[in-house]
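Counting from 1, position 308 in the sequence shown corresponds to residue 308 in UniProt numbering; the numbering is continuous, with no gaps. The beta carbon of each residue, even a glycine, is placed where N, CA and C say it ideally should be. Have a look at the structure below before the remarks.
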Amino acid sequence: MDNVFYRNLNRSYLEIDRGEGIYLYDTHGNRYIDACAGAAVANLGHAHPRIIEAMVQQANKVVFSHLSRWTSAPIKELADLVAKLAPGSLNKLYLVSGGSEATEAALKMARQYFLERDGKSGKYRIISRWKSFHGNTIGALSMTGDKRRKKYVPLLLDFPHIAPAYCYRCPFEKKQENCSVECALDLERVVKMEGAENVAAFIAESVGGAACGAIVPPADYFKIIRQICDHYDILLIDDEVMAGFGRTGTMFSIEDWEVIPDLICVAKGMSAGYAPLGGVIAQEEIYNTFKQGSGSFVHGHTYGGNPLSAAVAVAVVKTLVDDGLVANSRLVGAYLLRELKEKLSPFWYVGDVRGKGMMLGVELVKDKVTKEPFLVSLGVAEKLTQTLIKHGVIVYPGTGNADGENGDQFLLAPPLTMTIQQAEELVAAMVAGFAEFEKKIAFMKY
Ligand SMILES: Cc1ncc(COP(=O)(O)O)c(C=O)c1O
Numbered sequence: 001m002d003n004v005f006y007r008n009l010n011r012s013y014l015e016i017d018r019g020e021g022i023y024l025y026d027t028h029g030n031r032y033i034d035a036c037a038g039a040a041v042a043n044l045g046h047a048h049p050r051i052i053e054a055m056v057q058q059a060n061k062v063v064f065s066h067l068s069r070w071t072s073a074p075i076k077e078l079a080d081l082v083a084k085l086a087p088g089s090l091n092k093l094y095l096v097s098g099g100s101e102a103t104e105a106a107l108k109m110a111r112q113y114f115l116e117r118d119g120k121s122g123k124y125r126i127i128s129r130w131k132s133f134h135g136n137t138i139g140a141l142s143m144t145g146d147k148r149r150k151k152y153v154p155l156l157l158d159f160p161h162i163a164p165a166y167c168y169r170c171p172f173e174k175k176q177e178n179c180s181v182e183c184a185l186d187l188e189r190v191v192k193m194e195g196a197e198n199v200a201a202f203i204a205e206s207v208g209g210a211a212c213g214a215i216v217p218p219a220d221y222f223k224i225i226r227q228i229c230d231h232y233d234i235l236l237i238d239d240e241v242m243a244g245f246g247r248t249g250t251m252f253s254i255e256d257w258e259v260i261p262d263l264i265c266v267a268k269g270m271s272a273g274y275a276p277l278g279g280v281i282a283q284e285e286i287y288n289t290f291k292q293g294s295g296s297f298v299h300g301h302t303y304g305g306n307p308l309s310a311a312v313a314v315a316v317v318k319t320l321v322d323d324g325l326v327a328n329s330r331l332v333g334a335y336l337l338r339e340l341k342e343k344l345s346p347f348w349y350v351g352d353v354r355g356k357g358m359m360l361g362v363e364l365v366k367d368k369v370t371k372e373p374f375l376v377s378l379g380v381a382e383k384l385t386q387t388l389i390k391h392g393v394i395v396y397p398g399t400g401n402a403d404g405e406n407g408d409q410f411l412l413a414p415p416l417t418m419t420i421q422q423a424e425e426l427v428a429a430m431v432a433g434f435a436e437f438e439k440k441i442a443f444m445k446y
C-alpha cells in the first residue's frame with residue numbers, strides 16, 4: 001500500500017518504468033503497445049529525441065514565466081505555427097494547461113464575446129451533446145454529456161444537451177439510407193426552446209472520444225450545425241482536445257467537414273504528453289472584438305503557456321509536419337480500421353468497429369442483432385482491457401454508451417508514429433486477446 005489517492009481505489013495499477021516509441025515498459029520489464037497513447041495524448045510516442053532535445057534546451061534557458069507579465073519566443077512561435085495550420089481566420093491562440101482548462105476558457109470567452117460585442121447580453125448558455133466529454137472541471141463537466149457528471153449534478157450549470165451524432169445507436173432510429181441528420185437539426189429545436197437570446201455557443205467534439213469510443217458524425221452534420229449557429233447568432237466551439245493535431249488524419253479534425261468553427265479547443269496532441277498544455281484558437285473577429293472592447297480576457301491559470309510547455313509544443317508540431325505524421329495517421333488508421341473490422345467483427349460480442357484516422361473505437365454488445373449491451377456491473381470493458389494487457393496491449397475502456405449506464409466500448413488511439421508493421425503486431429495481439437476473452441465470457445452468451 002502506498003499513499004497515493006488513486007482514481008480507482010480497488011484496482012492494482014501497472015507501474016511504469018520507461019517508454020520508447022509506441023511501447024511502454026513496466027517495472028517488471030514487460031513491454032506493452034501503448035495503443036491509446038495514454039488517453040490519445042502521446043501522439044509522437046515516447047522518448048522522442050527531438051522533443052527531449054527541445055525540452056533540455058528550453059530548460060537550460062528558462063522553464064517558467066507568468067503570462068500576466070511575460071511573453072516568450074516559444075509561445076510566439078507556437079501561436080504563429082498554429083495560425084498557419086488552423087483553418088480560416090482562426091489565428092489567435094489563448095494558452096492554458098490542459099483540455100478542461102481549454103473548454104472552460106472557451107465557455108467564458110463565448111460569454112464575454114457577446115458582452116464585448118453587444119454591451120448588455122443575455123447570451124450565456126452553452127449547448128452541448130449527450131455522449132460527449134469536455135473535461136472534469138465544473139464548467140467543462142456541465143457541458144459534458146456522459147456518466148462522469150452524474151454524482152456532481154447539484155454543482156453543475158444548468159446547460160442543455162442535444163442528441164448525439166451516434167449512427168450505431170441512432171437516437172432517431174434512422175439507418176444510413178434514410179438519415180436526414182436529425183441529430184444536427186436537434187440543435188435548432190433546443191435553441192428555439194431555450195431562446196437564442198440566451199444561448200452563447202454550441203460545443204461539440206468533431207469526432208467523439210472519451211465518452212463514446214470514436215463516433216463519427218454524418219457527412220453533412222457540421223454544415224447543418226454551422227448554418228444553425230449562424231442563423232441564431234451562436235458561436236460554434238469545436239472541441240479538438242482529443243481529435244486535433246493529426247489524430248483523425250487531418251491537422252484539425254473539423255477540416256473533413258469543410259466547416260470553420262469560431263473557437264477550437266486544443267490540448268493533448270499539441271504537446272503530445274511531453275508537457276501539460278492546452279489552448280483555445282480564436283477567430284480574428286472574436287479577438288478583435290475583445291481588443292476593441294474591454295481589451296482583456298482575465299482567465300489565466302498559473303502554468304498556462306509556460307515557456308517549457310510551449311517549446312515542447314513547437315517541437316511537437318514541427319515534428320508532426322516534417323515527418324508527415326498526419327498523413328501517416330490517415331494511412332495507418334485506415335489500415336487499422338479495415339483490419340479490425342474484418343478480424344474483430346466476427347466475435348459474437350463485437351457490435352461495432354469505427355473511427356477516423358488513428359481515433360478508433362470498438363463497441364461491445366451482448367447481442368449483435370438487438371445491440372443489447374452488457375450490464376455495467378459485469379465490467380466487460382475493463383475485463384477485456386485486462387485480458388488485452390496480458391497480450392501486451394493497452395486500450396482506453398469506457399462504459400455508458402447504450403443508455404448512460406450500460407454499454408461498453410474502448411478507444412484505440414496509438415501514437416501517430418505507428419508503422420504498418422507495428423499496426424500488424426497490434427492487430428495480431430488484439431485478435432489473440434479477443435479470442436481468449438471470448439472463452440472467458442462464453443457463459444454470458446444467450
Ligand atoms: C474532447 C475532450 N475535451 C476535453 C478533455 C479534457 O482534457 P483534460 O483531461 O486535459 O482536462 C478531454 C479529455 O479527454 C477530451 O477528450
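Can we count residue i as close to ligand 1, meaning its CB is less than 7 angstroms from some heavy atom?
{"i": "Phe410", "result": "no"}
{"i": "Val241", "result": "yes"}
{"i": "Ala59", "result": "no"}
{"i": "Ser253", "result": "no"}
{"i": "Thr27", "result": "no"}
{"i": "His301", "result": "no"}
{"i": "Gly145", "result": "no"}
{"i": "Ser206", "result": "no"}
{"i": "Phe133", "result": "yes"}
{"i": "Asn8", "result": "no"}
{"i": "Gly295", "result": "no"}
{"i": "Thr103", "result": "yes"}
{"i": "Ala267", "result": "yes"}
The alpha helix (DSSP H) that contains residue i, what's its start and end?
{"i": "Asp80", "result": "73 to 85"}
{"i": "Gly139", "result": "138 to 143"}
{"i": "Pro397", "result": "Note, Pro397: premise wrong, no alpha helix (DSSP H); beta strand (DSSP E) at 396 to 399."}
{"i": "Gly333", "result": "325 to 344"}
{"i": "Phe114", "result": "99 to 118"}
{"i": "Val350", "result": "That residue, Val350, is in no alpha helix (DSSP H); its beta strand (DSSP E) goes 350 to 356."}
If you check the beta carbons only, do residue i and residue j fall under 8 angstroms apart?
{"i": "Ser329", "j": "Arg247", "result": "yes"}
{"i": "Thr137", "j": "Ser100", "result": "yes"}
{"i": "Cys36", "j": "Ile420", "result": "no"}
{"i": "Leu24", "j": "His46", "result": "yes"}
{"i": "Gly269", "j": "Phe252", "result": "no"}
{"i": "Gly361", "j": "Ile215", "result": "yes"}
{"i": "Ile234", "j": "Ala282", "result": "no"}
{"i": "Leu375", "j": "Asn406", "result": "yes"}
So residue i is in the beta strand (DSSP E); what residue range does that whole segment cover?
{"i": "Cys265", "result": "263 to 266"}
{"i": "Met359", "result": "359 to 364"}
{"i": "Lys174", "result": "Counting along the chain, Lys174 falls outside any beta strand (DSSP E), and DSSP gives it neither H nor E."}
{"i": "Phe202", "result": "199 to 205"}
{"i": "Ile33", "result": "31 to 34"}
If I'm right that residue i touches residue j with Cβ under 8 angstroms, what's the distance once you round it to whole angstroms?
{"i": "Gln58", "j": "Leu320", "result": "Between Leu320 and Gln58 the Cβ distance is about 18 angstroms, and since that is not below 8 angstroms, they are no contact."}
{"i": "Ala102", "j": "Gly279", "result": "6 angstroms"}
{"i": "Ala54", "j": "Val314", "result": "7 angstroms"}
{"i": "Gly379", "j": "Val365", "result": "Wrong, their Cβ atoms sit about 15 angstroms apart, outside the cutoff."}
{"i": "Ala39", "j": "Ala210", "result": "7 angstroms"}
What three-state label does DSSP hand residue i in the structure shown?
{"i": "Gly279", "result": "strand"}
{"i": "Ile286", "result": "helix"}
{"i": "Leu411", "result": "strand"}
{"i": "Phe64", "result": "coil"}
{"i": "Ile127", "result": "strand"}
{"i": "Leu155", "result": "helix"}
{"i": "His134", "result": "coil"}
{"i": "Lys192", "result": "helix"}
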